[in-house]
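*Asks:* Each residue of the sequence shown is one higher than the last, beginning at 190 in this note's numbering. We put the beta carbon where it would ideally sit given N, CA and C, even for glycine. This structure is in structure tokens; I'll ask about it shortly.
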Amino acid sequence: TTPTTTTTTTTTTRSPPSAWLPNPTLHRPSPQLAPRPPSQAAGQSSVSGHGLWQDPPEQQLQQELVTLKHKQQLQRQLLIAEFQRQHEQLSRQHEVQLQEHVKHQQDLLALKHQQELLEHQRKMEQQRHEQEIEKQQREHKLLQLKNKERGQESAVASTEVKMRLQEFVLNKKKALAQRNLNHCLPSDPRFWYGKTQHSSLDQSSPPQTALSAYTHPMLGTYDSKDDFPLRKTASEPNLKLRSRLKQKVTERRSSPLLRRKDGPITTAKKRSLDLAGEHSCCWISSVVDSDTIWNEVHSSSAARLAVGSVVELVFKVATGELKNGFAVVRPPGHHAEESTPMGFCYFNSVAIAAKLLQQRLNVSKILIVDWDVHHGNGTQQAFYTDPSILYLSLHRYDDGNFFPGSGAPDEVGSGAGEGFNVNMAFTGGLEPPMGDADYLAAFRTVVMPIANEFAPDVVLVSSGFDVVDGHAPPLGGYKLTAKCFGYLTRQLMGLAGAICDASEACVSALLGNELDPIPDEVVQQRPNANAVHSMEKVLEIQSKYWRSLQRSASTLGCSLSEALRHDVEEAETVSAMASLSVANKHIGKRYALLSMCSSSQ
């Protein structure tokens with residue numbers, strides 16, 4: 190039985206399907222073998238309905254392929270449908286978010302607009318409140334000024350000056366016009382003084398014009414209760430020195446303003462300065478403001494003597510007769526403008542002296558340093574467009590809230606004089622007050638770099654000492670010492686011959702005496718934050734006109750000792766680099782010489 194089955198299987202497997210015929214005898218089931226299904230028959234073959242044989246795996250594969258294609262189509266349709274659904278859903282969400290965003294932006298704009306309106310209303314309300322407070326303070330100050338007693342100190346920075354200045358100018362113009370109409374006087378201020386000569390300095394009234402028939406109106410009476418605070422600053426040494434100076438000038442009769450027999454100091458190539466053209470204020474109201482009084486008996490001679498003394502001293506220094514000098518004179522002058530006396534000033538002594546130096550001695554470069562605590566508005570006005578005169582002022586400014594309110598850092602001159610007006614304006618009030626360290630830093634970083642770069646022929650100093658410690662806040666309130674002024678004067682003397690108008694503390698420095706050393710705490714002290722901020726603002730504005738300020742800005746916040754140490758280190762570095770460059774030049778020359786020798790051989 191086993192060989193028969195083996196033979197049949199072998200025959201079926203080896204014979205092709207087309208030659209195989211059904212043989213019932215061969216397919217009879219053996220009694221020892223179980224029947225097999227058609228799919229498991231020998232050869233794994235089947236008969237199609239057309240009588241052709243087909244391989245079952247291939248048919249199954251085709252059916253599976255068809256099924257897979259059908260599934261793929263279904264999946265593709267499902268994916269497309271899902272994509273469309275999600276796309277529509279995202280589009281709706283995006284549209285909703287966009288609408289919400291637009292609504293949110295509109296709400297923000299409305300809220301911002303509402304906040305701006307509220308802020309504007311708040312600022313307007315605050316401004317009205319500040320104006321009311323300022324008005325109340327001004328009225329309170331005016332009331333105090335009116336009710337002041339004889340022993341009470343009044344401020345130089347009088348609020349009444351600011352309020353009545355414009356009114357005074359208008360009234361003066363009206364009065365002058367009326368007098369011109371009544372007495373047929375010419376309207377040109379140059380004719381008010383005329384050309385009449387005076388025999389001495391003892392004349393107590395202003396110069397008379399050629400029209401002697403003109404009678405001057407009676408000036409206001411003097412009230413003994415009025416106060417003159419700045420006259421209290423005249424010390425006994427000043428009065429003695431002034432008396433000796435007046436006696437000497439009177440004896441020599443050589444004042445530039447009254448020079449008749451001596452002739453001019455030098456041959457004048459330009460016409461002399463007409464003082465009446467610079468100060469058209471021959472007859473001044475008896476009361477300019479609460480502190481500036483014109484006294485018929487003494488004011489004229491005092492003002493003319495002050496100007497003459499300063500001018501004579503300036504000419505002696507400029508011509509080399511004196512190395513330097515000082516003039517202890519009253520009244521001061523740096524507030525007097527071209528046609529407006531104010532702040533105790535009738536004639537601007539320094540401005541007149543500078544003009545005469547230009548016209549009579551042809552001095553090309555003049556430096557005017559003004560360290561009075563108040564800004565010299567008259568001196569600034571006189572030379573605001575003049576590039577040959579550099580005006581440099583150190584003063585308390587406080588954003589225009591301190592008398593006279595001028596002298597902002599951005600007031601740099603105009604026209605040809607742009608850059609030749611420097612205002613070292615200190616702000617921040619008196620918290621803390623400026624002291625020696627702050628002024629030394631300002632001189633080191635602003636004044637001296639600009640002055641050295643300008644290289645003046647003559648230096649004039651309006652030397653007001655109301656920055657010295659001891660003055661009340663309305664009069665200054667700063668805390669400088671006399672030693673600091675000596676140090677500042679010594680620095681200026683390195684530039685040119687120095688003239689100090691109305692000075693006393695600088696005499697030792699001008700005479701060349703050994704100065705007392707500055708205390709160590711001042712040398713080690715750094716300038717305060719307000720001073721540094723003020724100097725930074727000045728450096729920012731003036732650096733485009735003066736290149737030397739770029740170097741000094743590096744030591745802005747340093748103390749005097751730190752700045753000196755920095756200068757020494759910088760000088761050593763420059764010296765080392767210079768020596769190195771010189772050595773390199775020598776090496777280069779030797780190499781060039783050797784090359785020439787080699788080429789010649």
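(1) Considering only the beta carbon of each residue, do Leu556 and Ala507 sit closer than 8 Å?
(2) Distance, Cα to Cα, Pro396 vs Asp627?
(3) Note down, in chain order, each residue of its chain lying with its Cβ closer than 6 Å to the Cβ of Gly532, except the 5 sequence neighbours on either side.
(4) Taking the CB atoms as reference points, tell me whether Val648 and Leu684 lie closer together than 8 Å.
(5) Closest by CA to Lys544, which one among Lys330, Gln251, Val499?
(6) What did DSSP end up calling Leu546 once you bin it into helix, strand or coil?
(7) Below 8 Å between beta carbons: does that hold for His564 and Ser538?
(8) Run through the stretch 614-669 for me and flag every whole beta strand (DSSP E) of 3 or more residues, listed as ranges in chain order.
(9) What does the Cβ neighbour count give for His283, buried or exposed, with the cut at 16 atoms within 10 Å?
(10) With respect to the alpha helix (DSSP H) encompassing Lys327, which residues constitute its N-terminal and C-terminal limits?
(11) Compute the distance between the beta-carbons of Asn719 and Gly624, then report whether it is under 8 Å.
(12) Could you tell me if His329 is buried or exposed, where buried requires 16 or more neighbouring beta carbons within 10 angstroms of its beta carbon?
(13) So, is Leu268 buried or exposed, given that buried needs 16 or more other C-beta atoms within 10 angstroms?
(14) For the alpha helix (DSSP H) containing Val558, list its first residue and its last residue.
(15) For the alpha helix (DSSP H) that contains Phe504, what are its first and last residues?
(16) What's the gap between the Cα of Lys335 and the Cα of Leu502?
(17) What are the boundary residues of the beta strand (DSSP E) that Phe674 is part of?
(18) Helix or strand or just coil, what does DSSP make of Ala760?
(19) Can you tell me the Cβ-Cβ gap for Leu681 and Val558, rounded? I've got them flagged as a contact below 8 Å.
(20) Using a 10 Å radius around the Cβ and a threshold of 16 neighbouring Cβ atoms, would you call His290 buried or exposed?
(21) Return the CA-CA distance between His318 and Asp587, expressed in angstroms with no decimal places.
(22) Within 8 Å, do at least three Cβ pairs link the stretch 640-658 to the stretch 590-606?
(23) Below 6 Å CB to CB, which residues in the same chain sit around Ser737 once its five sequence neighbours on both sides are set aside?
(24) Ends of the beta strand (DSSP E) at Ile578?
*Replies:* Here's the rundown:
(1) By one-based count along the sequence shown, residue 556 stands at place 367. By one-based count along the sequence shown, residue 507 stands at place 318. A distance of 8 Å or more separates the beta carbons of Leu556 and Ala507.
(2) The sequence position of residue 396 within the sequence shown is 207, counting from 1. The sequence position of residue 627 within the sequence shown is 438, counting from 1. With a pLDDT of 38 at Pro396, under the threshold of 50, the modelled position of this residue cannot be trusted; read the value that follows with caution. Between Pro396 and Asp627, the C-alpha separation is close to 45 Å.
(3) Indexing the sequence shown from 1 puts residue 532 at position 343. The residues are His524.
(4) As a first step, residue 648 must be located in the sequence shown, where it is residue number 459. As a first step, residue 684 must be located in the sequence shown, where it is residue number 495. Yes, they are a contact pair.
(5) Translated into the one-based positions of the sequence shown, residue 544 becomes position 355. Checking every option, the nearest Cα to that of Lys544 belongs to Val499.
(6) Numbered from 1 along the sequence shown, position 357 holds the residue referred to as residue 546. In this structure, Leu546 counts as helix in the three-state DSSP scheme.
(7) Taking the sequence shown and counting its residues from 1, the one referred to as residue 564 is at position 375. Taking the sequence shown and counting its residues from 1, the one referred to as residue 538 is at position 349. No. Outside cutoff.
(8) Qualifying beta strand (DSSP E) stretches, in chain order: 647-651.
(9) Working through the sequence shown from its first residue, we reach residue 283 at position 94. His283 should be labelled exposed.
(10) Counting from 1 along the sequence shown, the entry for residue 327 is found at position 138. First, the residue type needs correcting, since residue 327 is Arg and not Lys in the sequence shown. Following the DSSP letters along the chain, one finds Arg327 inside the alpha helix (DSSP H) bounded by residues 245-335.
(11) Translated into positions along the sequence shown, residue 719 becomes position 530. Translated into positions along the sequence shown, residue 624 becomes position 435. Their beta carbons are not under 8 Å apart, which means Asn719 does not touch Gly624 by this criterion.
(12) In the sequence shown, the residue the question calls residue 329 occupies position 140. With a 10 Å radius around the Cβ and a threshold of 16 neighbouring Cβ atoms, His329 comes out exposed.
(13) Stepping through the sequence shown from its first residue, residue 268 is reached at position 79. By the neighbour-count rule (16 or more Cβ atoms within 10 Å), Leu268 is not buried but exposed.
(14) The residue given as residue 558 occupies position 369 in the sequence shown. For Val558, no alpha helix (DSSP H) run applies; the uninterrupted beta strand (DSSP E) run containing it begins and ends at 555-559, by DSSP.
(15) Within the sequence shown, residue 504 is the residue found at index 315, counting from 1. Following the DSSP letters along the chain, one finds Phe504 inside the alpha helix (DSSP H) bounded by residues 488-507.
(16) Reading the sequence shown from its first residue, position 146 is the one you call residue 335. Reading the sequence shown from its first residue, position 313 is the one you call residue 502. Rounded to the nearest angstrom, the two C-alpha atoms are 40 Å apart.
(17) Reading the sequence shown from its first residue, position 485 is the one you call residue 674. Run containing Phe674: none in the beta strand (DSSP E); it sits in the alpha helix (DSSP H), 671-682.
(18) Here residue 760 corresponds to residue number 571 of the sequence shown, with the count starting at 1. Residue state, collapsed to three classes: helix.
(19) For this step, residue 681 is matched to residue 492 along the sequence shown. For this step, residue 558 is matched to residue 369 along the sequence shown. Val558 and Leu681 do touch by the CB rule: their CB atoms are close to 6 Å apart, below 8 Å.
(20) Here residue 290 is taken as the residue at index 101 of the sequence shown, counted from 1. With fewer than 16 other beta carbons inside 10 angstroms of its own, His290 counts as exposed.
(21) Indexing the sequence shown from 1 puts residue 318 at position 129. Indexing the sequence shown from 1 puts residue 587 at position 398. Their Cα atoms are separated by approximately 21 Å.
(22) Inter-segment contact for the stretch 590-606 and the stretch 640-658 is absent: fewer than three beta-carbon pairs are separated by less than 8 Å.
(23) Translated into the one-based positions of the sequence shown, residue 737 becomes position 548. Pro638, Glu642.
(24) Looking up residue 578 in the sequence shown gives position 389. Segment 578-585, the beta strand (DSSP E) holding Ile578.
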